[in-house]
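Residue numbering for the sequence shown follows my numbering, starting at 1 and increasing by one per position.
Shown next, in structure tokens, is the structure this report addresses.
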Amino acid sequence: MGDSEEEYWIYHERQQAMLCGQHSLNNLVQANTFSPDQLAEIAMQLDQMELNVMAQNNEGGVRSKDYLNRLAEGSTNVDGSGNFSIQVLRSALKNTYDLDMINVRDASVLNQFGDITNIEGFIAHKDAHWFAIRNINGRFWNLNSMEERPSTISHFDLATKIAGYQNSGYIVFAVPFLSHQCPPCTSKAQRQRGLPEYWWKEVDLVQGKGNAINGATDPWRSVGSGMRLDGKSTTSNSSLIEGLTEEEMLQMALAASMEPTPAAVRVELTAEPPAGSDGAVRIQFRLPDGRRAVRRFLISDPVAMVYAYVESESNGGHGKEVELRAGFPSKDLKFVMEKAIGDASLAEQSVQCRFV
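Set out below in structure tokens:
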């Protein structure tokens with residue numbers, strides 16, 4: 001390959017949990033830019049904006065039935081599994097890259113661009129799934145996070161593919177002018193903007209190689225970072241395990257299984273602090289029976305108090321253990337039961353509850 005010839009790489013994050021919205025954005029911009037926490041923060045801001053508008057109405061404000069119902073619903077912009085709304089994705093692209101998401105059925109799209117192949121990127125959405133299509137180095141790539149690797153879509157087939165997606169229930173959004181804000185990757189330095197295992201060498205994908213090189217298998221990716229001549233990393237923890245016998249590995253596994261689990265912390269549920277009380281914060285709940293609820297706690301209350309509330313709303317669970325999870329990706333709250341609600345970052349958050 002000559003010195004002047006560029007080597008293109010394709011970034012393709014794979015599906016984790018219900019985070020396809022996050023993956024579609026990152027695959028579109030060809031970088032690991034958006035995190036679940038960042039998108040969740042945008043969702044919370046949008047929720048609060050909606051509540052603020054409702055609070056200013058002339059028919060009861062924060063005491064109106066509509067406001068209280070909306071508050072009890074919890075977030076309409078993200079659910080507990082990490083599925084984000086169209087508004088969240090649109091806001092993330094606009095705030096970070098000044099890029100717009102425009103429904104391709106909008107007459108202004110074809111009026112401005114003429115042919116659909118003149119648009120550099122697309123995001124498609126149906127039910128709880130999102131995926132991206134992006135033009136890189138003159139080729140359109142399907143970057144669906146549910147697929148093992150990126151696949152090409154010819155210019156000739158692009159309009160037919162998009163029409164097929166629409167006919168099957170997808171809403172397809174055009175994202176023009178991508179290359180101005182998010183240029184494709186053509187160097188090792190640029191690959192630092194994404195996770196190494198999600199980069200694919202374009203030439204291998206085009207040639208249909210079954211053993212196409214990706215960032216995790218690139219033989220040059222660890223040069224200068226402790227790579228041994230046999231291809232094993234001098235800094236990897238796996239090298240510490242490779243020399244163990246089967247018996248030694250079994251003993252390690254047994255020792256790990258015997259590590260103590262967090263002890264259950266029990267507290268007596270106290271009265272709900274009045275609205276406006278110093279240190280009072282709200283937490284939204286999806287209770288084990290599917291009901292939604294919102295309750296105030298003191299920010300200094302232990303997370304165990306949250307468990308006490310859920311158990312009181314569930315009639316004690318009839319002897320069943322209750323699991324509470326929060327955050328994106330969701331985390332089991334039993335590991336932070338002794339922490340204060342503020343220290344555990346649960347204020348104004350949504351908690352998913354179920355019996356296990």
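Backbone N, C-alpha and C fix where the C-beta goes; we use that ideal spot for every residue, glycine too.
Nothing here was measured: the structure is a model prediction, and the numbers come from that model.
Item                                                                                                                                                 : Value
Under a three-way DSSP split, which group does G21 fall into?                                                                                        : helix
Starting from Q125 and walking both ways along the beta strand (DSSP E), at which residues does that stretch end?                                    : In the sequence as presented, Gln is not what sits at residue 125; that position holds His. Note, H125: beta strand (DSSP E), 121-126.
Which of the three DSSP states, helix, strand or coil, is assigned to I42?                                                                           : helix
Which residues in the same chain have their Cβ closer than 6 Å to the Cβ of L46, if we skip the five residues on either side of it in sequence?      : N77, Q87
Expressed to the nearest angstrom, what Euclidean distance is found between the alpha-carbon atoms of E323 and V306?                                 : 11 Å
At which residue ranges does the segment 176-205 contain complete alpha helix (DSSP H) runs of 4 or more residues, listed in the order of the chain? : 178-181
Does the segment 128-135 come close enough to the segment 143-154 that 3 or more CB-CB pairs lie under 8 Å?                                          : yes
Within its chain, find whatever has a CB closer than 7 Å to the CB of S257; leave out the 5 residues flanking it on each side and keep chain order.  : A caution first: S257 carries a pLDDT of 48, below 50, which makes its placement in the model too unreliable to give a value.
Once DSSP output is grouped into helix, strand and coil, what is the label at F355?                                                                  : strand
One question on the structure: do E321 and W9 come within less than 8 Å of each other, judged by their Cβ atoms?                                     : no
Just mark V303 as buried or exposed, buried being the case when its beta carbon has 16 or more other beta carbons within 10 Å.                       : buried
Where M16 and E41 are concerned, what is the direct C-alpha to C-alpha distance, given to the nearest angstrom?                                      : What sits at residue 16 in the sequence shown is Gln, not Met. Their backbone Cα atoms lie some 19 Å apart in a straight line.
Using the three-state DSSP reduction, which class does Q30 fall into: helix, strand or coil?                                                         : coil
Rounded to a whole number of angstroms, what is the C-alpha to C-alpha distance between G224 and F84?                                                : Legend: pLDDT at G224 = 41, less than 50; position of this residue unreliable, no value from coordinates given.
Find the nearest neighbour of R367 within the set D115, L346, P183, judged by alpha-carbon distance.                                                 : Residue 367 is absent from the structure shown; the chain starts at 1 and stops at 356.
Touching or not, the segment 179-192 and the segment 156-169, by the rule of three or more beta carbon pairs under 8 Å?                              : no
Are the CB atoms of V265 and E313 within a distance shorter than 8 Å?                                                                                : no
Within 10 Å of its beta-carbon, does M49 have 16 or more other beta-carbons around it, so buried, or fewer, so exposed?                              : exposed
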